[in-house]
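For reference, the structure discussed in these notes is given below.
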């Protein structure tokens, strides 16, 4: 994987770069979309479930990368105890269900990469994105496709050059996520202060490797 295409740096709106040093977006486009999970990936997910026990899930928040996202959540007005960070949300699901449940190859790839790295990952349909991706605030009167009403002004979103694709840590706009007929997927990683560059790269590479397996 590492000898293939490198990840691309997304843009971050100037006012956000100033307010949140360390905020960044990296992404990689890979072939394929949503598909059934191969048996060996299901086995990998089951092994991860066995290695990732309840005590690990509880103590996860104190590790450096998950903690960095918790700090950033509070900086943008989110309570990570009420709205868990991506890695904590996946960990909580493992505790509630007694294991990581296989859903699709993409979902399983994201689960594996998020738990192994702690990095916040998302996926979008490359065929529904226009130009480069980045992070900005929502504009007055702007909404998220498929959701009623307008976004509160200043909501942080992942966007292409035309519109928001999804909330920075939340819902994806209707029709912008990966679907069964998606032929190319964009894997994105949101980086915040305290999350090393190498962890972000590893997270994207890991998800891409699982998708290609």
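Residue numbers (my numbering): 13 to 225. Here a beta-carbon is modelled for each residue, glycine too, at the ideal position from N, C-alpha and C.
Cβ distance (whole Å) where residue i is taken to contact residue j below 8 angstroms
| i | j | result |
| --- | --- | --- |
| residue 72 | residue 99 | 7 angstroms |
| residue 186 | residue 157 | 5 angstroms |
| residue 134 | residue 28 | 17 angstroms between Cβ atoms; not a contact. |
| residue 47 | residue 114 | Contact flag wrong, Cβ pair sits at about 12 angstroms. |
| residue 92 | residue 82 | 4 angstroms |
Residue environment, residue i, which counts as buried when at least 16 other CB atoms sit within 10 Å
| i | result |
| --- | --- |
| residue 129 | buried |
| residue 34 | exposed |
| residue 78 | buried |
| residue 143 | exposed |
| residue 63 | exposed |
Inter-residue spacing [alpha-carbon to alpha-carbon] between residue i and residue j
| i | j | result |
| --- | --- | --- |
| residue 181 | residue 54 | 26 angstroms |
| residue 215 | residue 165 | 31 angstroms |
| residue 198 | residue 160 | 26 angstroms |
| residue 190 | residue 118 | 8 angstroms |
| residue 37 | residue 111 | 30 angstroms |
| residue 44 | residue 194 | 7 angstroms |
| residue 168 | residue 90 | 11 angstroms |
| residue 97 | residue 183 | 13 angstroms |
| residue 14 | residue 52 | Because the pLDDT at residue 14 is just 43, under 50, the model does not fix this residue reliably, and the point stays unresolved. |
| residue 18 | residue 50 | 26 angstroms |
| residue 163 | residue 202 | 20 angstroms |
| residue 32 | residue 218 | 27 angstroms |
| residue 173 | residue 145 | 7 angstroms |
Residue range of the beta strand (DSSP E) that includes residue i
| i | result |
| --- | --- |
| residue 7 | Because the chain here runs from 13 to 225, residue 7 falls outside it and cannot be looked at. |
| residue 93 | No beta strand (DSSP E) contains residue 93, which DSSP labels as neither H nor E. |
| residue 179 | 176 to 179 |
Where the alpha helix (DSSP H) through residue i begins and ends
| i | result |
| --- | --- |
| residue 56 | 51 to 63 |
| residue 98 | 98 to 109 |
| residue 223 | 209 to 223 |
| residue 129 | 117 to 129 |
| residue 68 | 66 to 71 |
Opposing strand residues paired with residue i [DSSP bridges]
| i | result |
| --- | --- |
| residue 199 | 40, 135 |
| residue 24 | 147 |
| residue 184 | 178 |
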